[in-house]
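For reference, the structure discussed in these notes is given below.
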Amino acid sequence: MLSLSNVNAGYGTFQALFDCTLEVNAGEAVAVIGPNGAGKTTLMRVISGLIPARGGRMDMEGRDLVATPPHRIVDLGIAHVPENRRLFPRMSVEDNLRMGAFVPSARAAFSRRLEFVYDLFPRMKERRHQLAGTLSGGEQQMCAIGRALMSEPKLLLLDEPSAGLAPVIVQRIFELVRVIREQGLTVLIVEQNVQQVLRVVDRAYVLEAGSIRMSGAAEELAASDEIRRLYMGL
Numbered sequence: 001m002l003s004l005s006n007v008n009a010g011y012g013t014f015q016a017l018f019d020c021t022l023e024v025n026a027g028e029a030v031a032v033i034g035p036n037g038a039g040k041t042t043l044m045r046v047i048s049g050l051i052p053a054r055g056g057r058m059d060m061e062g063r064d065l066v067a068t069p070p071h072r073i074v075d076l077g078i079a080h081v082p083e084n085r086r087l088f089p090r091m092s093v094e095d096n097l098r099m100g101a102f103v104p105s106a107r108a109a110f111s112r113r114l115e116f117v118y119d120l121f122p123r124m125k126e127r128r129h130q131l132a133g134t135l136s137g138g139e140q141q142m143c144a145i146g147r148a149l150m151s152e153p154k155l156l157l158l159d160e161p162s163a164g165l166a167p168v169i170v171q172r173i174f175e176l177v178r179v180i181r182e183q184g185l186t187v188l189i190v191e192q193n194v195q196q197v198l199r200v201v202d203r204a205y206v207l208e209a210g211s212i213r214m215s216g217a218a219e220e221l222a223a224s225d226e227i228r229r230l231y232m233g234l
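One point on numbering: in the numbering used here, the residue at position 120 of the sequence shown is 120, and numbering is uninterrupted.
Following this line, the structure appears as structure tokens:
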């Protein structure tokens, strides 16, 4: 479904990604793990078109992402839940969800998708008239994921979904990732909570200093002494 080959990217004179190559197959959940500053968020921004690639190739179901204008990438079936959620705090929960359905195909299915999101997140239905900025951290994350799901994406990009949340809420968020996956959605997730994320994905890539250093099945990486020592404190 998604293929990156030798992708480079950065900000100004700073290069953040070096020849990154990875694949996400339809129906998979894939994680990108690594330390702070490794380039994980940059990778997500490049895929969703928020920053341009400086080299390499990116394809989504055979379509060239590098040549696709950023505002058209969502039309290809990619939805991005950014780091820190980026909700519209002075808009209601339902209006935030409505913003996720701005593409023509999603507008036509708005009522159906809204019901889908409310079934997945009953708390959002209870809070639908509440300003998004007054929600708890966990509720805001649910709203951000729901907003992305409103476009009926094929590929969901999740950037640090557990960041800043209480442990009990983290458990809930990862359980939601599992449920979303069971709905048949393909997921690419960037996450620092390595122990938790490896329980809900099929495969993972290790990104360090802007380069892919290791990849493999989630079970293999979870059992790796190096991964356990560097990222799990074990």
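Glycine included, every Cβ here is placed at the ideal spot set by N, Cα and C.
Tyr231 Cβ short of 7 Å to the ligand MG heavy atom set: Among the ligands in the structure shown, none appear at all, so the ligand MG cannot be discussed.
Under the three-state DSSP convention, the category Glu220 falls into: helix
Contacting residues, own chain, Cβ-Cβ under 7 Å from Arg63 (five flanking each side not counted): Leu76
Identified DSSP bridge partners for Arg228: None, per the DSSP bridge assignment.
Limits of the unbroken beta strand (DSSP E) element including Val190: 186-190
Sequence ranges, beta strand (DSSP E) only - wholly within the segment 124-212, length at least 3: 155-159, 186-190, 203-208
Outcome for Ala204 when other beta-carbon atoms lying within 10 angstroms are tallied against a minimum of 16: buried
Opposing strand residues paired with Gly55 [DSSP bridges]: Asn8
Beta carbon of Val81 nearer than 8 Å to that of Ala9: no
Three-state secondary structure (DSSP) of Met60: strand
Helix, strand or coil at Thr13 according to DSSP, with G and I counted as helix: coil
Contacting residues, own chain, Cβ-Cβ under 6 Å from Ser3 (five flanking each side not counted): Glu23, Asp59
Continuous alpha helix (DSSP H) assignments of at least 4 residues falling wholly in the segment 25-49: 40-47
Pairwise C-alpha distance: Gln196 and Leu234: Annotation note: pLDDT 49 at Leu234 (below 50); position unreliable, coordinate value reported separately. Using only the alpha carbons, I get a separation of about 14 Å.
Residue(s) in a DSSP beta bridge with Ile78: Leu155
Rounded straight-line distance, which links the Cα of Gln140 to that of Leu198: 23 Å
Closest Cα partner of Ser105 within the set Ser92, Val93, Arg72, Asn96: Arg72
Nonlocal neighbours in the same chain, by C-beta distance under 8 Å from Ala26, ignoring five residues either side: Met1, Lys154, Thr186
Presumed contact (8 Å Cβ cut-off) between Glu83 and Thr134, rounded CB distance: At roughly 21 Å, the Cβ-Cβ gap does not stay under 8 Å, so Glu83 and Thr134 are not in contact.
Spatially closest choice to Arg113 from Asp202, Glu94, Gln130, by CA coordinates: Glu94
Test item: CB-CB of Ile169 and Gly138 under 8 Å: yes
Simplified DSSP state of Glu115, which is helix, strand or coil: helix
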